[in-house]
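Numbering of the sequence shown is given in numbering that gives the first Met the number 0, commencing with residue 0 and proceeding in unit increments.
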Amino acid sequence: MQAILLSSEDVAKRAYRLYERQIRQTVEIDENIGKMVIIDIKTGDYEVDETGLQAARNLQAKHPYARLFGIRIGYNVAASLGGVMERVGSDFRYCD
């Protein structure tokens, strides 16, 4: 299988585009706020769990060469070291 040669920025752009266009309306519900959604940018498959680890394992089991990207649902960052994670308003959009 041929590898997708993308920069980390391109991976992020694709993931945010998929999130905004196909995934957000399904996963951004009260019980998922703060959880991680892991997205396979090649297939558009995604899974949600508390930390993203099991979701990533599940997606890699389905697609061994998956290019994965994680987004914390309802927040503008996935993690914070010594800072504060801020909630994203419902009108916030990740990409154009």
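Virtual Cβ for every residue (Gly too), placed ideally from N, Cα, C. Remember, predicted model here, so these are calculated numbers, not experimental data.
N- and C-terminal bounds of the alpha helix (DSSP H) containing residue i
i            : result
glutamate 46 : First-last for glutamate 46: 45–48, but that is the beta strand (DSSP E), not the alpha helix (DSSP H).
glutamine 21 : Careful: glutamine 21 lies outside any alpha helix (DSSP H) and carries neither H nor E.
lysine 61    : 52–61
Opening and closing residue of the beta strand (DSSP E) in which residue i lies
i         : result
leucine 5 : First-last for leucine 5: undefined, no H or E at that position.
Buried/exposed call for residue i, threshold 16 Cβ in 10 Å
i             : result
methionine 35 : buried
aspartate 29  : exposed
tyrosine 64   : exposed
arginine 20   : exposed
alanine 14    : buried
glycine 43    : exposed
Rounded Cβ spacing between residue i and residue j (contact assumed at less than 8 Å)
i             : j             : result
isoleucine 40 : leucine 4     : Isoleucine 40 to leucine 4, Cβ: 13 Å. No contact.
valine 47     : alanine 55    : Not confirmed; about 11 Å, so no contact.
isoleucine 32 : isoleucine 22 : With a Cβ gap of about 14 Å, isoleucine 32 and isoleucine 22 do not count as contacting.
isoleucine 72 : valine 26     : 6 Å
Paired residues, beta bridge with residue i - DSSP
i            : result
aspartate 39 : Leu67
arginine 86  : Tyr74
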